[in-house]
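Student: Chains as they are written, first to last, in this note's numbering: chain A, 1 to 307; chain B, 1001 to 1396.
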Amino acid sequence: MQFFIQLTLDGLTIGSVYALVALGYTLIYGVLKLLNFAHGDVFMVGSFIGYGVLQALGGASNPMVPVWLLLLLVTGAAMIGCSVLGVVIERFAYRPLRDAPRIAPLISALGVSFFLANSMQLLFGAQQFNYASYNLSGGALYFRGFDLDGVHVPLLRIITIGAAFVLMVILWFLVNHTRTGKAMRATSFDREAASMLGIDIDHVIVFTFVLGSALAGAAGVMFALRVPTFAAVGFTTGLKGFTAAVIGGIGSIPGAMVGGILLGCAESYTAGYWTTAWSDLVVFTILILFMIFRPRGLFGRVDIRKV
Amino acid sequence: MKKGIGLALVVLITAVAAASAQGAHRQLQAASAAGVSCTSTLKLAMVTPLTGGAGFLGTEQLSWAKYAVATLPKTMGLKIQLLQGDTPVEQGAAPALTLAQKYAADPSVVGIIGPSTSGDAEASAQTYYHAGIAQISPSATDIPLTYTVNGKKLGTPAFFRDVPANNIEGPSIAAYITNNLKAKNVVVFDFQEPYSQGLAASISSYLTKHGVNVSHLSAPNTTTDYSAYVTKVPSNTDVVVFPTQQPPAAQTFAEQLVEQGKKAVVFGGDGADAPAQFNHPGDYVANFAPDISGIPSDAGIIAGWQKANPKATLGSFGPPTYGAVQIMLNAIKIACAKDHGMLKRADVYRNMKKVTIKNWILGGTFKWSTKTNDPLNAHFFIFQIQPNGKYKLVNN
């Protein structure tokens, strides 16, 4: 039983990161009908921004501010930095192609992805960067927490899972209970009609990228607090975030969260009960099966078209 | 008509490809057969990971190679230029192969220092051998590079190393685990590449023979999150042998063991030896070189190197590299004398075993084994990570 609980905890932790990445994918697709394949690399840049801010504030061994403030500042900086990056990407790589055939922005997205990954590698090298969060407050993030049937649930994992959930709730509230959210939903239904009703489409799209990229930045920090980050980490994590969005139903916010958690758990159970070598195989097999048998995902809408 | 043109195109492309291959082969042959004047500037190439996860190792090795090339040749009447080739571990053996072809085609390249990693050494050994170029690796420790294992040897007569192989590292680590740590349950990792697989096999074999319960886990070299693997480590495990070539991975693994409340000690191989990146107190690393600051005859060398590298820290990977350059230069000198001033590349490796060096940088006198292209009587050193993150030698 302990083994199962530990695997579930592992799955929830990494699944929360996937969920945050998936939320960004689903948000951008929902409004723009664009699969932003550069999103995984925005996540990677977020982890690097977090690392830079952490070092600037004294590093994990000797931080200049209390740990809770340090984590807030690191995450906030990553979210702001990635939001700016998202706006720049939208402005220069996607906006000129808004009325082009769908394949054009998709290819542009792939190009941006490779550009970001290789630029970061050129600037910082291919080595891994470790937040060394173990050293924060003498290991408090690892030692403090609670025990569940003999399995230790450390504070770090509680923060990761909790932060993902809180950000999802904030996003859901923003999209469903604010004027801007209403404008986003209107744009996602029918861009032309929304424009005719006086909605500034450019602002809505930019705001969507700000939100989605901020979530990717937060995911980058949550990821790198536990494992070292490096320039090539964005591609695979981005693909898994995309898979999570598809499983949950691309365009659905709760779906992205559920998809991320399910994916993380599937990966964890495969690694635990079968073999770690096959966990990626299982993840992408799930993607293929969903695309074949339930392309709208768990919570996605069936599109009704007038003929 | 169209079919005819298509067929003609296929034939033309095939002919061009074959001619290129022939040309490249002839170039290699010509480069290997021709001599080069010993009074000209001869080239040594350092093949090591300068970037990527193992970049710390290559950077240290290169600094020592540069220092050796800056100080030793003039005492031997040689002019040497050091080339450097980067082989990031994340890219597999492809960069090493590309570099091998490049250096093989350059007739003034008379020796290779490296490759640093076993996988790269195995992949490129034949290319260098066919070009007649001697190689001395200061850190590739996989056994089949110089020993015949199960009827196979992956090295060549031109491949040498000045550090002991895993058949010494493995038993050294395993003996320490058995005799000093008194471990009863050990998990041994490999990372699906030659270095760790060879070391894991060597350690497992010794431990099993000595009654230790051994289980195995295998992770891809690109893994960064070890949570799932840590979950599979039984809670009664005493030691986890973690022969990674990326020290941050060892650090992450050790921290995640603690996160899951597991008490096992992490034991890294020489690939994990990096105090700046793997410094989890209580864990262990093995390495083929001692701390040379304890060897009196090295004082001058250390001072000179530190003057040339004021910001660098004395580590374990650099001194064997200095030693490798020293051996190579001695072999070149012997070959130059034999070839009457027109050095043939193959004569460097043919005369390599004649090299003996007193006051060897790693201590004592350097001699080659009579049976293999390994140093005679080399051994491994075990270090324990102290609470302040520094490494302390715990065996002699």
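Think of the CB as a built atom: it goes at the ideal place given N, C-alpha and C, for glycine as much as any other residue.
Tell me whether B/PRO1243 sits in a helix, a strand or coil according to DSSP, three-state version.
Tutor: Coil at B/PRO1243, not helix or strand.
Student: Tell me which same chain residues have a C-beta within less than 7 Å of the C-beta of B/LEU1217, skipping the five on either side of it?
Tutor: Same-chain partners within the cutoff: VAL1187, PHE1189, TYR1229 and LYS1232.
Student: Is B/ASN1185 a contact residue of the ligand NAP, with contact defined as CB to any heavy atom under 8 Å?
Tutor: For the ligand NAP, the structure offers nothing, since it holds no ligand at all.
Student: Does DSSP put B/ARG1350 in a helix, in a strand, or in coil?
Tutor: Three-state DSSP puts B/ARG1350 in a helix.
Student: Would A/VAL21 and A/THR237 qualify as a contact pair, given that the criterion is a beta-carbon distance under 9 Å?
Tutor: Result yes, Cβ atoms of A/VAL21 and A/THR237 sit closer than 9 Å.
Student: What does the alpha-carbon distance come out to for the pair B/ILE1409 and B/ALA1289?
Tutor: Past the boundaries of the shown model lies residue 1409 of chain B; chain B is included only from 1001 to 1396, so the question cannot be answered.
Student: Between B/LEU1028 and chain A, is any beta-carbon pair separated by less than 9 Å?
Tutor: For B/LEU1028, the predicted model reports a pLDDT of 49, less than 50, meaning its position is unreliable; a value from the coordinates is still stated below. No, because no Cβ of chain A sits closer than 9 Å to the Cβ of B/LEU1028.
Student: Do we get a CB-CB distance below 9 Å when we pair A/TYR18 with the residues of chain B?
Tutor: A/TYR18 does not count as touching chain B.
Student: If we count the other Cβ atoms within 10 Å of its Cβ and call it buried at 16 or more, is B/LEU1012 buried or exposed?
Tutor: With fewer than 16 Cβ atoms within 10 Å of its Cβ, B/LEU1012 is classed as exposed.
Student: On the premise that B/PRO1115 lies in contact with B/THR1048, defined as a C-beta separation below 8 Å, what is that separation, rounded to the nearest angstrom?
Tutor: 7 Å between Cβ atoms; contact.
Student: Please report the distance separating the alpha-carbon of B/TRP1368 from that of B/ASP1298.
Tutor: Cα-Cα distance, rounded: 21 Å.
Student: Let me see if you follow: with CB-CB separation under 9 Å, is B/PRO1405 close to chain A or not?
Tutor: Residue 1405 of chain B lies beyond the range of chain B shown here (1001 to 1396); nothing can be said about it.
Student: So, using beta-carbon positions, are A/LEU27 and A/VAL175 closer together than 9 Å?
Tutor: Yes, the pair counts as a contact, with Cβ atoms nearer than the cut-off.
Student: Along the chain, which unbroken stretches of the alpha helix (DSSP H) at least 4 residues long are found entirely within the region 1031-1119 of chain B?
Tutor: Fully enclosed alpha helix (DSSP H) runs of 4 or longer: 1055-1071, 1073-1076 and 1094-1104.
Student: A/ALA219 and A/GLY46 - do their beta-carbons sit closer together than 9 Å?
Tutor: Yes; because the gap between Cβ atoms is below 9 Å, this pair is in contact.
Student: Round the Cβ separation of A/GLY15 and A/ILE261 to the nearest angstrom and send it over; I've been treating them as touching at under 8 Å.
Tutor: Yes, A/GLY15 and A/ILE261 are in contact; Cβ-Cβ is about 4 Å, under 8 Å.
Student: Is the beta carbon of A/GLY241 less than 9 Å from the beta carbon of A/GLY40?
Tutor: For A/GLY241 and A/GLY40, yes; Cβs fall inside 9 Å.
Student: Who are the near neighbours of B/THR1041 in its chain, counting only those whose CB is closer than 8 Å to its CB and skipping five residues on each side?
Tutor: Excluding positions up to five away in sequence, the list reads LYS1079, ILE1080, GLN1081 and SER1108.
Student: For the beta strand (DSSP E) holding A/GLN121, just list the boundary residues, first then last.
Tutor: No beta strand (DSSP E) holds A/GLN121; the alpha helix (DSSP H) holding it covers 103-124.
Student: Could you check what DSSP says for A/MET1 in three-state terms: helix, strand or coil?
Tutor: Reduced to three states, the DSSP call for A/MET1 is coil.
Student: Look up B/PRO1290 in the DSSP assignment and say whether it is helix, strand or coil.
Tutor: Residue state, collapsed to three classes: coil.
Student: For the beta strand (DSSP E) that A/PHE290 lies in, which residues bound it at each end?
Tutor: Premise fails: A/PHE290 lies in the alpha helix (DSSP H), 279-293, not in any beta strand (DSSP E).
Student: Just to confirm before moving on: does the CB-CB distance between B/ARG1161 and B/ASP1374 stay below 9 Å?
Tutor: Yes, the pair counts as a contact, with Cβ atoms nearer than the cut-off.
Student: Against chain B, with Cβ distances strictly below 9 Å, would A/HIS152 count as a contact?
Tutor: A/HIS152 counts as touching chain B.
Student: Could you list which residues in chain B have their beta carbon closer than 9 Å to that of A/VAL276, in chain order?
Tutor: The question names Val, yet the displayed sequence has Thr at residue 276 of chain A. In chain order: LEU1217, SER1218, ALA1219, PRO1220, THR1223, ALA1228, TYR1229 and LYS1232.
Student: Report the neighbours of B/THR1051 on chain A: residues whose CB is nearer than 9 Å to its CB, in chain order.
Tutor: Those within 9 Å of B/THR1051 in chain A are GLN121, GLY125, ALA126 and GLN127.
Student: Using three-state DSSP, classify B/LEU1028 as helix, strand or coil.
Tutor: Per-residue confidence for B/LEU1028 stands at a pLDDT of 49, beneath the threshold of 50, marking its modelled position as unreliable; no derived number is given.
Student: Quick check on A/LYS240: does DSSP put it in helix, strand or coil?
Tutor: In the structure shown, A/LYS240 sits in a helix (DSSP, three-state: H, G or I).
Student: Could you please give me the residues that DSSP links to B/ASN1213 through a beta bridge?
Tutor: Paired residues: B/ASN1185.
Student: Can you pull the DSSP bridge partners for B/ARG1161?
Tutor: Looking at the DSSP assignment, B/ARG1161 forms a beta bridge with B/SER1137.
Student: Cβ atoms of B/GLY1119 and B/LYS1102: under 9 Å apart, would you say?
Tutor: Not in contact: B/LYS1102 and B/GLY1119 (Cβ atoms no closer than 9 Å).
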